[in-house]
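For reference, the structure discussed in these notes is given below.
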């Protein structure tokens, strides 16, 4: 099993920045990719960014050149970050951390609100 805990969400003005963090614990040695998804009210959950254990990254077209995903590992945890710059109101959503292992695991989500 893998446990995920996100942090870093909040309220920010358009054009501002936020950094989301996610800590994975448990059987982290089984994780081969981690990512961030988001879900806005009334919409389906969508991929924002993903990073593999080899460092390959994937971004949604809507966030390319604004968001950066990165990953760090310790002996007992895996951490994934999402640096979000030039935020827009349409980035408002609940952001979820995910980990691909023997199965897919999800965090509880963190709210990001972009509003003036």
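In the working numbering, the protein residues as written are 11 to 126.
The beta-carbon is built from N, C-alpha and C at its ideal position, and this holds for glycine as well.
- Item | Rounded straight-line distance, which links the Cα of residue 123 to that of residue 49 | The sequence position of residue 49 within the chain shown is 39, counting from 1. The sequence position of residue 123 within the chain shown is 113, counting from 1. Taking the straight line from one Cα to the other gives about 12 Å.
- Query: Any idea which residues DSSP pairs residue 57 with across the strands?
  - Reply: Start at 1 with the first residue of the chain shown, and residue 57 comes out as number 47. Paired residue(s): 47.
- Item | Member of 53, 120, 60 and 85 whose CA lies at the smallest distance from the CA of residue 73 | For this step, residue 73 is matched to residue 63 along the chain shown. Considering only alpha carbons, the answer is 60.
- Task: Could you spell out where the beta strand (DSSP E) holding residue 87 opens and where it closes?
- Result: Start at 1 with the first residue of the chain shown, and residue 87 comes out as number 77. No beta strand (DSSP E) holds residue 87; DSSP gives it neither H nor E.
- Message: My output table needs one value for residue 38: the three-state DSSP class, helix, strand or coil.
- Response: Along the chain shown, one-based indexing puts residue 38 at 28. Helix, per DSSP.
- Message: I want to know whether the stretch 90-107 touches the stretch 28-37 - three or more CB-CB distances under 8 Å.
- Response: yes
- Message: Looking at chain C, is there any beta carbon in it that lies within less than 7 Å of the beta carbon of residue 84?
- Response: Among the chains in the structure shown there is no chain C, since it carries only a single protein chain.
- Message: Beta-carbon within less than 6 Å of residue 112's beta-carbon, same chain only, minus the 5 sequence neighbours each way: which residues are those?
- Response: As a first step, residue 112 is located in the chain shown; it is residue number 102 there, counting from the start. 40.
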